[in-house]
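Some notes on the structure that comes next.
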Amino acid sequence: MDTGWLTTALILLPVAGALVVWLLPLRPFAVGSTALLIALAEVALWIDAVARFDFDERGLQLGQRQSWFSDLNVSYHVGFYGFSIWLVGLTVVVLAAAIGYAFWAGRERPRAYYGLMLLLTGAIVGVFVAQDLLLFYVFWEAMLVPLYFLVGVWGGAGRLRATLLFVIYTMAGSLLMLASIVVLGLSQGTFDLVGAGTSGSTWIFLGFIAAFAVKAPLFPLHAWLPETYRESSPEVSAVLSGVVSKAAAYGFLRIAIAKFPGPTADLRTPILVLAACGLVYGSILAFRAPDLRGVIAYSSLAQMGLITLGLFAVNDLGLNGAVLQMVNHGLISAALFLLAGAIERRAATDDLTALGGMARGRPALATVLMTTGVIALAVPGSTAFAGEFAILAGVFDTGWGYAVVGAAAIVLAAMYMLRLISAVLHREPGPSVSEAALDLRPAELSVIVPLVAILLVLSAWPAAITDRSFPDAGVTARPAGIFVPTRESALP
Amino acid sequence: MILALDTPQIDWAALAPTLALLAAGGVNLFAAVFVPRGDRRVVGAIVAALGFAGALVAGALLFAQTPDAHGVIADAIQRDRLGALTTMIVAGSGLLAIGTSYREPTSDDHICEYYALVAWAGAGMAFLATAGTLLTLFLGLEWFSIGLYILCAIDRELVGSLEAGLKYLIVGSFGSAMLLFGSALVYGATGRLEFHEIAQVVQQQNLSDDALLVAGLALLIGGLGFKASAAPFHMWTPDVYEGAPTPVTAFMSAATKAVALVVMLRVLVTAFPQEARLWTVTVAAVACASLAVGNLAALVQRNLKRMLAYSSISHAGFMLIAISADNALGGRALLYYLIPYCAMSVGSFAVVAARERELNAPVTIDNLAGFGWERPLLGVALATFMLGFAGFPLTGGFVGKFYVFAAAYEHGWTWLVIVGVAATAVSLYYYLGVIRAMYMRSAAELQLAPVLGGSPPRELALQTAVTGALVVTVGSFFAVQPLIEAAKHAAASLPF
Numbered sequence: 063m064d065t066g067w068l069t070t071a072l073i074l075l076p077v078a079g080a081l082v083v084w085l086l087p088l089r090p091f092a093v094g095s096t097a098l099l100i101a102l103a104e105v106a107l108w109i110d111a112v113a114r115f116d117f118d119e120r121g122l123q124l125g126q127r128q129s130w131f132s133d134l135n136v137s138y139h140v141g142f143y144g145f146s147i148w149l150v151g152l153t154v155v156v157l158a159a160a161i162g163y164a165f166w167a168g169r170e171r172p173r174a175y176y177g178l179m180l181l182l183t184g185a186i187v188g189v190f191v192a193q194d195l196l197l198f199y200v201f202w203e204a205m206l207v208p209l210y211f212l213v214g215v216w217g218g219a220g221r222l223r224a225t226l227l228f229v230i231y232t233m234a235g236s237l238l239m240l241a242s243i244v245v246l247g248l249s250q251g252t253f254d255l256v257g258a259g260t261s262g263s264t265w266i267f268l269g270f271i272a273a274f275a276v277k278a279p280l281f282p283l284h285a286w287l288p289e290t291y292r293e294s295s296p297e298v299s300a301v302l303s304g305v306v307s308k309a310a311a312y313g314f315l316r317i318a319i320a321k322f323p324g325p326t327a328d329l330r331t332p333i334l335v336l337a338a339c340g341l342v343y344g345s346i347l348a349f350r351a352p353d354l355r356g357v358i359a360y361s362s363l364a365q366m367g368l369i370t371l372g373l374f375a376v377n378d379l380g381l382n383g384a385v386l387q388m389v390n391h392g393l394i395s396a397a398l399f400l401l402a403g404a405i406e407r408r409a410a411t412d413d414l415t416a417l418g419g420m421a422r423g424r425p426a427l428a429t430v431l432m433t434t435g436v437i438a439l440a441v442p443g444s445t446a447f448a449g450e451f452a453i454l455a456g457v458f459d460t461g462w463g464y465a466v467v468g469a470a471a472i473v474l475a476a477m478y479m480l481r482l483i484s485a486v487l488h489r490e491p492g493p494s495v496s497e498a499a500l501d502l503r504p505a506e507l508s509v510i511v512p513l514v515a516i517l518l519v520l521s522a523w524p525a526a527i528t529d530r531s532f533p534d535a536g537v538t539a540r541p542a543g544i545f546v547p548t549r550e551s552a553l554p
Numbered sequence: 066m067i068l069a070l071d072t073p074q075i076d077w078a079a080l081a082p083t084l085a086l087l088a089a090g091g092v093n094l095f096a097a098v099f100v101p102r103g104d105r106r107v108v109g110a111i112v113a114a115l116g117f118a119g120a121l122v123a124g125a126l127l128f129a130q131t132p133d134a135h136g137v138i139a140d141a142i143q144r145d146r147l148g149a150l151t152t153m154i155v156a157g158s159g160l161l162a163i164g165t166s167y168r169e170p171t172s173d174d175h176i177c178e179y180y181a182l183v184a185w186a187g188a189g190m191a192f193l194a195t196a197g198t199l200l201t202l203f204l205g206l207e208w209f210s211i212g213l214y215i216l217c218a219i220d221r222e223l224v225g226s227l228e229a230g231l232k233y234l235i236v237g238s239f240g241s242a243m244l245l246f247g248s249a250l251v252y253g254a255t256g257r258l259e260f261h262e263i264a265q266v267v268q269q270q271n272l273s274d275d276a277l278l279v280a281g282l283a284l285l286i287g288g289l290g291f292k293a294s295a296a297p298f299h300m301w302t303p304d305v306y307e308g309a310p311t312p313v314t315a316f317m318s319a320a321t322k323a324v325a326l327v328v329m330l331r332v333l334v335t336a337f338p339q340e341a342r343l344w345t346v347t348v349a350a351v352a353c354a355s356l357a358v359g360n361l362a363a364l365v366q367r368n369l370k371r372m373l374a375y376s377s378i379s380h381a382g383f384m385l386i387a388i389s390a391d392n393a394l395g396g397r398a399l400l401y402y403l404i405p406y407c408a409m410s411v412g413s414f415a416v417v418a419a420r421e422r423e424l425n426a427p428v429t430i431d432n433l434a435g436f437g438w439e440r441p442l443l444g445v446a447l448a449t450f451m452l453g454f455a456g457f458p459l460t461g462g463f464v465g466k467f468y469v470f471a472a473a474y475e476h477g478w479t480w481l482v483i484v485g486v487a488a489t490a491v492s493l494y495y496y497l498g499v500i501r502a503m504y505m506r507s508a509a510e511l512q513l514a515p516v517l518g519g520s521p522p523r524e525l526a527l528q529t530a531v532t533g534a535l536v537v538t539v540g541s542f543f544a545v546q547p548l549i550e551a552a553k554h555a556a557a558s559l560p561f
């Protein structure tokens, strides 16, 4: 049965929703609820897609292909692989939570705002399902436009500088990728990702790496990150660090590693070293950050380093762990940013010295923040532990040094997370925390708790993702020192 | 006694677009005399719009009915799809420019003459697009240039308008002189005026290293470079674009550039295939210079018209990359690129015109503050045009850039792709700067004086033009296949 329409529907539904929101003169409340309904419908569509997906099959599924312009063999080609379906799931869930949060918090100029959020949803889903290089680039850039507006219009006082940094960094990387796409596509005679063979060109590889390394971000290209995450509204930060950064990790996996086996082998060491540096550096900065969002932002840098370590281990354990950790970190950082937003609403600051003692009389806030934080610091038994363990075991094959650095970073993660939790929840009430500040409201809980609930489910059953990302390959140890992705065939 | 003159066979259909525009201009001159003063504005606009619409339809018919390129009227002009498609682009830009002109606060005295001149300039461009000899090339170029010289200076009340006209006249004449001199040298070297015969003679007599011919070629590129406002022939562009009435600027920036670049492609490919190794490098160098000058100078502009002028220089650079590729893909890239480019260019100047009328002052980046929220349609349109200029997806600007890069790569010039990519990266700063001004700042924040005069006038014609430009900009992204197919047929008229 042809089910490719489902993939297209996943892209088009939010885009159509955006147009509806923009064009119909609805009232603010109606706009927000329409956007939320569409976001939830998107989640339902995704569940339908998962139900139809055969996790034992290797090839592209739910695919649809339509020629776009034939003289250069560019087509609209979309479809799912095992790992991409989880990332799309992460996208639709986090975006629904973000829209729900914005609906509750209230945003000025709601029609423009929700339209852009929906457009962003469609663009990110597009990035994860595009199977044509040019189409991938189109969605990649289409992702940037709504983000530019969302940060620049609804951001904090320093938003103009933040957007400038963000856009210049990402576009510098993206345009190098465009040059790479032109060269790769024309030299292969097709832009199709499924049909194209592999390439051995280091320069083309570096063009792609530039785009993904900036977006992830990979140390030392993270200068845009702290300002952007601090100046955005909390739900946009949640989307940025939870989902958009995963698009970069997905790019590493789907294009850089799968299409450039030679250059990946050649340049693996510098990339792994940078990832390890980012992991340690980000963790230390997170520990030193004076504000709530700073901690989450830098921990995001660290986690992206960890995920990159797993990806460039290029073996079963590393890849499976990386995919699991992408989903984990997406949910964790989204939940943390939304919680940070909730705390900012109550204390009017996210300066850690001005916060404290919020657990007293606020059991819901304390429970949710505590649960998320404990999962984030990868306590054994949690899904983040499963992901990080798989990554470290995977990268151990490449060099035990990386695994040692990674393990040290897990200790650092415990330090910065516990510092965050105690600075917000424990100690004496801070100067900005008034007695009257309320506990999490039901609306906030209904947005954040589902994210945490998914994390708990994954903690009980991480194999839901690790066994279903790359077909017919359980998590098996690789012979040390051999760089041949045995799952090469599993990589599209 | 019957006087028997040996006259060439005239293919009137090939001239139909030119004739339609000439007729519109003529009718407008009569209207300037016979129509009562109060009605002239609307009559003039309608007649000119009909002329451009007629040229558009005639161009489409010509395109459909001319599968094989051939010379007509003693080979003076070429009847081919390249000319037909260019005519359609010019006519489309003209239509949009008429919509922009309608509410322009010029005095009613010369309004019909204004529309007559616009139509005639369009006629000259349609003629030039089909030029097949050096003679018709110069004729067409001067024809539309003279119309534009007057149009730049037509609004004598406007500060800088006369200056713009004079500047354009002097510098433009210099460019025309270069073109004429170059033509004379080429004729001197080969003894031929027709483009394809020049190529034949060069091949037969092995003239490809002839000093006269090469000098002539260089001067031809320079002369056309003036009209296309490519660096280093761009000096007039910012001043003229700023000083001229905005609708005239809109028309000039789109149609003049389109026709100058297409003619450059036609001349170089048809008349000078043996010199390709020379002119590809030259044109690539001019392209790089245009990209550098246009983008770097645009970074520091505060006046929006000047910024758009520099941006148009940089886009000339992008399109020259396509020409320098010297392959069919490059021809396709140029013709495709022109379609969204012209729409975005006229469209953005139209929005500038609307804001100018609202403020009664030149539009700067600062006084755009809050514009996007006050005027949703115009704001979204200008934002889309800026994103399109910057080559973001969901606009044809992206596909155009992609094709240009593809053409450069196919020629084997990966370095030119890198130059183009770097130029695009620089251009983001000023294009996104406009969006930032419109949406992310408020007039209160910048402490600007509020706009006086209540709500802005309803400008149906202008809004229709802007909407049309928006539809073309976005539509050309989705409808790449039919447009590129048309561009392919048009480029097939040339002997690649």
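Protein sequences appear in the order of chains X and Z.
Quick note on the working numbering: the first sequence kicks off at 63 and runs consecutively.
Quick note on the working numbering: the second sequence kicks off at 66 and runs consecutively.
All C-beta atoms, glycine included, are put in the ideal place defined by N, C-alpha and C.
Please read these numbers as outputs of a predicted model, since none were measured by experiment.
Residues D76, A79 and R144 of the same chain have their beta carbon placed closer than 7 Å to that of Z/V137, with the five preceding and five following residues left out of the count. In the DSSP assignment, Z/F239 falls within the unbroken alpha helix (DSSP H) covering S226 to T255.
Shown here for X/S146: same chain residues with a beta carbon closer than 8 Å to its own, the five before and five after excluded, namely F190, V191, Y312 and R316 in chain order. For Z/K553, the residues of chain X that pass the 8 Å Cβ criterion are D133, in the order they occur in the chain. Contact between Z/A490 and X/A234 holds: their C-beta atoms lie close to 5 Å from each other, under 8 Å.
The alpha-carbon separation between X/I186 and Z/F561 amounts to approximately 41 Å. Spanning the alpha carbons of X/F399 and X/D529 requires a straight line of approximately 29 Å. A Cβ-Cβ distance of about 3 Å is found for the pair Z/G240 and Z/F291, placing them in contact under the 8 Å criterion. For the options X/A475, X/T70 and X/L336, the alpha carbon positioned closest to that of X/R127 is the one of X/T70. In terms of Cβ geometry, X/A103 and X/P512 do not form a close pair [threshold 8 Å]. The DSSP assignment places no complete run of the beta strand (DSSP E) inside the stretch 333–393 of chain X (cut-off: 3 residues). Here Z/A69 is exposed. Its C-beta has fewer than 16 other C-beta atoms within 10 Å. For Z/V137, the enclosing beta strand (DSSP E) begins and ends at H135 to V137. For X/E203, the C-beta contacts it makes with chain Z under 8 Å involve F457, P458 and F463, in order along the chain.
X/P352 is classed as exposed because its beta carbon has fewer than 16 other beta carbons within 10 Å across all chains shown. Secondary structure of Z/Y167 (DSSP, three-state): coil. Chain X has a Cβ within less than 8 Å of the Cβ of Z/V482. With the rule of 3 Cβ pairs closer than 8 Å, the stretch 526–538 of chain Z counts as touching the stretch 163–170 of chain Z.
Below the 7 Å Cβ cutoff, chain X contributes G214 and L222 as neighbours of Z/R501, in chain order. Between X/F131 and Z/V545 the beta-carbon gap is near 4 Å, inside 8 Å, which marks them as a contact.
Going by beta carbons, X/I472 and X/I437 fall outside the 8 Å limit. Listed in chain order, the alpha helix (DSSP H) runs fully inside the stretch 69–119 of chain X are 90–114, counting runs of at least 4 residues.
The secondary-structure analysis by DSSP pairs Z/N368 across a beta bridge with Z/T429. Around Z/L452, the beta-carbon contacts reaching into chain X at under 7 Å are V207.
Around Z/G205, the same chain offers G189, F192, L193 and A196 as residues with beta carbons nearer than 6 Å, after the five sequence neighbours per side are excluded. With fewer than 16 neighbouring CB atoms inside 10 Å of its own CB, Z/Q74 falls in the exposed class. Listed by position along chain X, the residues whose Cβ is nearer than 8 Å to that of Z/F470 are L240, A241 and V244.
A Cβ-Cβ separation of about 4 Å places X/A278 in contact with X/A310 under the 8 Å criterion.
Contacts with chain Z at 8 Å (Cβ-Cβ) do not include X/F91.
Interface with chain Z (8 Å Cβ-Cβ cutoff): X/L237 is included. For X/V229, at least one C-beta of chain Z is nearer than 8 Å to its own C-beta. In this structure, Z/P458 lies near Z/F542, with their beta-carbon atoms less than 8 Å apart. DSSP places X/L124 in the uninterrupted beta strand (DSSP E) bounded by Q123 to F131. Neighbourhood of Z/Q546 in chain X, by CB distance below 8 Å: S129, W130, F131 and S132, in chain order. Z/I142: member of the beta strand (DSSP E) spanning I142 to R144, first to last residue.
Under the three-state reduction of DSSP, X/H488 is assigned to coil, being neither helix nor strand.
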